[in-house]
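Student: Add 65 to a position in the sequence shown, counting from 1, and you land on the number used in the numbering used here. Structure below; questions to follow.
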Amino acid sequence: MRMRTTMSLGLVMAMLLSPASLMAQTATTSTDVSAQTATTTASDVSTGTDSEMVIKENLFTVVPTQEQEVTDEATSVNLSFTGSANTQTPVDLRGLSASGFTRTVTVDGESITQVVVTKISNENDESVDLTTDSFSSQITLGSSTLDTATTISVDGNEDEFVSAVKALTATATNTEEEVVEEDSDTSEGTDTGSGASENDIAGAYETPEITAAEEEVEAVIDVRVTTEGCSVVVDEAQGVAKQQSKSQTYTDGALTSEDACSDSGTTFTIQKSYSVCEDVVDLTGLVANPQYISYYIDEDGTRTEISDCQPDTETSFTIVESEASCAVTIDVDSLKVIRNSALIYTNASNAQVKVQDCAVSETLEPYTLVADSYSCNMKHDFSAGYSAEMVMYTYEKEGVYYQATPCIDTSVKYTHEKVFVDDGVRICSMLVNSSAGTATPQYRTRITVDGEDQYIDECKPDTSATVGIYETTQGCEDPSVWTHDLNAGVSYGQSRFYYDTTLGREFITSCQSNAATYSHDITPTGWKYNDEGLVAQQLISVTIDVNGTVYPIATNYLAPGTTEVSYTYTGINDVADYSQRYYDGCYLMVPTNRSENYIRPDGTTYSNPIGQGLDLNEGDKCTREQETAVTYPKSTVSVSTKGNGRASVTMSNNTAVGVSYSTTFTALLPIKGGSARCMSQKSQDNSASVSYINYFQSNTRTKITYPADGTVSYSDWVMGPLAQYNTNSSSKYCRSTD
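This is the structure:
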């Protein structure tokens, strides 16, 4: 019977091999899969299904194995897997690593770091190339350095990734038992005559028949990777915690074997936390060191602490003396400012930590107090009649002055003095009580400090010096400033009030109307014209008599309600405007302005222009001259022949005349400064005779010169009577004799 055992991972590994290597494996009795080095692509180990590629987010995470700079040029990068893969089918990442390239790109002004995974490898230098555009990550770095603490989450094709990982982690375990069959024909065909003894049992043996159930049996073997029962190994030297895992083999669902726990290839970065530990303070050495605990966070996000608080010997903070938060101590008696200070340091969070409270500093020199009286006001005691000087103590620190005390009394005092008048001038106004008819003077209190007078209060009344108020017309006698009620026909006199003091008489009011009245005297003085309305109103002058003296109140005053008196119409008048003379052809014309005339109530004349009147004609101003011209309007020609003879005549105007018998005709010829005349003649029998008469006219016209601009015009020609100018005749040829 023949038995064949098949392991699924062995089949996957076989799929990675090329046809030639597969044939070589078949010809080899013992195949060591781990000794082979295979490099293939994940697509070579896919199921062959032409389904659409699906990119899964956060498929697996990696960290760089070493720190490197990232630029816009593609740079190769070696990566280590962290945690477990985000796949539906569990995969074992122990002993696997990844590689690819990284670069930066700029999107909308922001720098993005791209990490592309192109290959997965195992510890036997076997690798699987990944589809370049199937596994990538985009992250934002705070700098241009990609360090080993940067965790990179990669998106990718889950099917391709699982196939690649399985191809690299599978172990080909093909166990095949060969059942060697003995050929019964061989034993039966042995020649016993060769001297060998015969074995009856062997000869009687028959090869049993192999049934279909016994011919081939397959066992289902499943290899699983688990971290259960395996611890996390802390490697503080390398700064990582390594996850342990083990491989378990299940045959037909039953656990048949398992490996010891070993590194799975998944690591967790060991981190430090300072927030839960107090700093260690050394006041003698004036130094403080922070403390931290070590921990890591596993793939499930669980934080595991691996140490208690311990000093960070690589980091220290210097303790210094600071007086910033300490108040000073003021000693007025010794005129000193005692400086206090505390011991502080600045921790890793850039916060100040106080390790000793404020106390008198043994190293800082005290400041000196200085008395300042200029920043303080006097303390005035009006009941006691004096003012006391006050001072404030200050001190200087780094060029800045600080107030050490408020203003306090001193033993220096200044006596008060009441002042009403200074250099003959009252320094405060009098308080006037009009209803009581009294006036009270006021004063200010004065002290003298270092020879300088100072007033220390405002004006106050002195009731012991109150005086009476009186009325007078003194200074109010000018009627021009009085109040005059023209409608009522009365004027009011004026007066003012005063009081007498040591400075003399002082008036407390200006002149104002009083009870004295003066009646108005009216005198007509003229008229106010309203030419547009053709009316006028009577104007008057108003005066008053004050103690026998007449004062004018209003001159040419139009009293309200004065009656309007109409103008008297006297007719129309045209007035020549010689400045606007003009020529109308030969005639000199003068325009006129027409107006309506009125007599006002005071006898004066008002002319109201109403437009243009009739123009005046001053006569014909053209010059005329007689001109004469002679014209020649026509000529008459007579031609005579004998019998029936023919003749022709040519005139000076190129007119040809032909006749066949005696004839007389008149030719109207153009006149061009002369007369027509016979030029030639001829006949058949030389018996023709020609005679002609020229006529003229003596014509006249008038030349007219206009005075406005000197232009000239002419009259029509007057034609004279027609008269003969000359005659001529010839028997053969004719010529003009004129």
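By construction, the Cβ of each residue, glycine as well, lies at the ideal position given by its N, Cα and C atoms.
Taking only beta-carbon positions, decide if Gln-603 is within less than 7 Å of chain B.
Tutor: The question asks about chain B, but that chain is absent: this structure has only one protein chain.
Student: Of the residues Tyr-648, Asn-673, Asn-621, which one's Cα is nearest the Cα of Asp-639?
Tutor: Along the sequence shown, read from residue 1 onward, the residue named residue 639 stands at position 574. Looking at the Cα atoms, Asn-673 is the closest of the given residues.
Student: Do you know how far the Cα of Leu-211 is from the Cα of Lys-462?
Tutor: Position 397 of the sequence shown, counted from the start, is the residue given in the question as residue 462. Position 146 of the sequence shown, counted from the start, is the residue given in the question as residue 211. About 50 Å.
Student: Just the C-alpha distance for Thr-167 and Ser-372, rounded to the nearest angstrom, thanks.
Tutor: Residue numbering aside, residue 167 sits at position 102 when the sequence shown is read from its first letter. Residue numbering aside, residue 372 sits at position 307 when the sequence shown is read from its first letter. Cα to Cα, the separation comes out at about 36 Å.
Student: Looking only at DSSP bridge pairs, what is Phe-125 linked to?
Tutor: Indexing the sequence shown from 1 puts residue 125 at position 60. Paired residue(s): Val-219.
Student: With His-13 as the anchor, note down where its beta strand (DSSP E) starts and where it stops.
Tutor: What the structure shows of the chain is the stretch from 66 to 803, and residue 13 is not part of that stretch, so it cannot be assessed.
Student: Can you check which of these residues, Gly-304, Ser-176, Thr-169, Phe-333, is closest to Thr-126 by C-alpha distance?
Tutor: Indexing the sequence shown from 1 puts residue 126 at position 61. Ranking the options by Cα distance to Thr-126, first place goes to Phe-333.
Student: Are there three or more Cβ pairs, one per stretch, closer than 8 Å when the segment 613-630 is compared with the segment 592-605?
Tutor: The answer is yes - the segment 592-605 touches the segment 613-630, with three or more Cβ pairs under 8 Å.
Student: Using a Cβ-Cβ cutoff of less than 6 Å, which residues in the same chain neighbour Val-230 once the five nearest sequence positions on both sides are dropped?
Tutor: Translated into the one-based positions of the sequence shown, residue 230 becomes position 165. Closer than 6 Å at Cβ, skipping near neighbours: Val-156.
Student: Would DSSP call Glu-293 helix, strand or coil?
Tutor: Mapped onto the sequence shown, residue 293 falls at position 228. The answer is coil: DSSP assigns Glu-293 none of H, G, I, E or B.
Student: Let me know the secondary structure DSSP gives Ile-736 once reduced to three states.
Tutor: As a first step, residue 736 must be located in the sequence shown, where it is residue number 671. Here Ile-736 scores only 34 on pLDDT, less than 50, and its place in the model should not be relied on; the value that follows carries that caveat. Three-state DSSP puts Ile-736 in coil, outside helix and strand.
Student: According to DSSP, is Gln-153 helix, strand or coil?
Tutor: By one-based count along the sequence shown, residue 153 stands at place 88. The answer is coil: DSSP assigns Gln-153 none of H, G, I, E or B.
Student: Who are the Cβ neighbours of Gly-785 in its own chain at under 8 Å, not counting the five residues just before and after it?
Tutor: Position 720 of the sequence shown, counted from the start, is the residue given in the question as residue 785. Gln-762, Ser-763, Asn-764, Thr-765, listed in sequence order.
Student: List the endpoints of the continuous beta strand (DSSP E) containing Tyr-357.
Tutor: To locate residue 357, count along the sequence shown from 1; it is residue 292. Start and end: 356-362.
Student: How far does the beta strand (DSSP E) with Asp-422 in it reach, from first residue to last?
Tutor: If you number the sequence shown from 1, residue 422 lands on position 357. Its beta strand (DSSP E) spans residues 417-425.
Student: May I ask you to list the residues that DSSP assigns as paired with Glu-132?
Tutor: On the sequence shown, position 67 is the one that residue 132 refers to. DSSP output for Glu-132 lists no bridge partner at all.
Student: Less than 7 Å between the beta carbons of Asn-187 and Leu-161, yes or no?
Tutor: The residue you call residue 187 lines up with position 122 of the sequence shown. The residue you call residue 161 lines up with position 96 of the sequence shown. For Asn-187 and Leu-161, yes; Cβs fall inside 7 Å.
Student: Please report how far the alpha carbon of Val-555 lies from the alpha carbon of Ser-575, in whole angstroms.
Tutor: As a first step, residue 555 must be located in the sequence shown, where it is residue number 490. As a first step, residue 575 must be located in the sequence shown, where it is residue number 510. Roughly 22 Å separates the two Cα atoms.
Student: With Val-219 and Ser-202 assumed to form a contact (beta carbons below 8 Å), what rounded beta-carbon distance in angstroms separates them?
Tutor: If you number the sequence shown from 1, residue 219 lands on position 154. If you number the sequence shown from 1, residue 202 lands on position 137. With a Cβ gap of about 5 Å, Val-219 and Ser-202 count as contacting.
Student: Extract the residue ranges of the beta strand (DSSP E) inside the segment 532-607, only unbroken runs of 3 or more that lie entirely within it.
Tutor: Listed in chain order, the complete beta strand (DSSP E) runs (minimum 3 residues) inside the segment 532-607 are 535-537, 548-550, 555-566, 569-572, 577-584, 586-595.
Student: With DSSP collapsed to three states, give me the class of Leu-211.
Tutor: Within the sequence shown, numbered from 1, the residue matching residue 211 stands at position 146. In the structure shown, Leu-211 sits in a strand (DSSP, three-state: E or B).
Student: Just to confirm, are Tyr-357 and Ser-338 a CB contact at a threshold of 7 Å?
Tutor: Numbered from 1 along the sequence shown, position 292 holds the residue referred to as residue 357. Numbered from 1 along the sequence shown, position 273 holds the residue referred to as residue 338. Against a cut-off of 7 Å, the Cβ pair of Ser-338 and Tyr-357 comes out as a contact.
Student: For the beta strand (DSSP E) containing Ser-141, list its first residue and its last residue.
Tutor: Reading the sequence shown from its first residue, position 76 is the one you call residue 141. Its beta strand (DSSP E) spans residues 140-147.
Student: Would DSSP call Ala-624 helix, strand or coil?
Tutor: Within the sequence shown, residue 624 is the residue found at index 559, counting from 1. Correct three-state label for Ala-624: coil.
Student: Rank Asp-667, Ala-504, Glu-388 by C-alpha distance to the C-alpha of Ala-407 and give the top, closest one.
Tutor: Here residue 407 corresponds to residue number 342 of the sequence shown, with the count starting at 1. It is Glu-388 whose Cα lies nearest to the Cα of Ala-407.
Student: Starting from Val-385 and walking both ways along the beta strand (DSSP E), at which residues does that stretch end?
Tutor: On the sequence shown, position 320 is the one that residue 385 refers to. Residues 385-387.
Student: Reducing DSSP to helix, strand and coil, say where Gln-645 ends up.
Tutor: Working through the sequence shown from its first residue, we reach residue 645 at position 580. In the structure shown, Gln-645 sits in a helix (DSSP, three-state: H, G or I).
Student: Excluding five sequence neighbours on each side, which residues of the same chain lie with their C-beta closer than 7 Å to the C-beta of Ile-403?
Tutor: Within the sequence shown, the letter at position 338 stands for residue 403. Contacts found: Val-393, Thr-394, Asp-396, Val-425, Pro-431.
Student: Kindly indicate which three-state DSSP category Leu-233 falls into: helix, strand or coil?
Tutor: Here the question's residue 233 lines up with position 168 in the sequence shown. Residue state, collapsed to three classes: helix.
Student: My output table needs one value for Phe-730: the three-state DSSP class, helix, strand or coil.
Tutor: As a first step, residue 730 must be located in the sequence shown, where it is residue number 665. With a pLDDT of 46 at Phe-730, under the threshold of 50, the modelled position of that residue is not reliable, and the figure given next carries that caveat. DSSP places Phe-730 in strand when its eight states are reduced to three.
Student: From Asp-324, Gly-318, Val-297, Thr-178, pick the residue whose C-alpha is nearest to that of Asp-44; which is it?
Tutor: Residue coverage of the chain in this structure runs from 66 to 803, which leaves residue 44 outside it and unanswerable.
Student: Do Lys-184 and Ser-173 come within 7 Å of each other at the CB atom, strictly closer than that value?
Tutor: Start at 1 with the first residue of the sequence shown, and residue 173 comes out as number 108. Start at 1 with the first residue of the sequence shown, and residue 184 comes out as number 119. Looking at the sequence shown, residue 173 is not Ser but Asp. In this structure, Lys-184 does not lie closer than 7 Å to Asp-173 by Cβ.
Student: Can you give the beta carbon distance from Gly-558 to Ala-581, rounded, assuming they're within the 8 Å contact cut?
Tutor: One-based indexing of the sequence shown puts residue 558 at position 493. One-based indexing of the sequence shown puts residue 581 at position 516. About 3 Å separates the two Cβ atoms, so the contact holds.
Student: Measuring only the C-alpha atoms, how far is Thr-566 from Gln-468?
Tutor: By 1-based counting over the sequence shown, the position of residue 566 is 501. By 1-based counting over the sequence shown, the position of residue 468 is 403. About 50 Å.
Student: What are the partner residues of Asn-498, as DSSP defines its beta bridges?
Tutor: Mapped onto the sequence shown, residue 498 falls at position 433. Note: Asn-498 sits in a beta bridge opposite Thr-503.
Student: Under the rule that 16 or more other beta-carbon atoms within 10 Å means buried, what is Asp-543, buried or exposed?
Tutor: Taking the sequence shown and counting its residues from 1, one reaches residue 543 at position 478. Classification of Asp-543: exposed, given that the 10 Å Cβ count is below 16.
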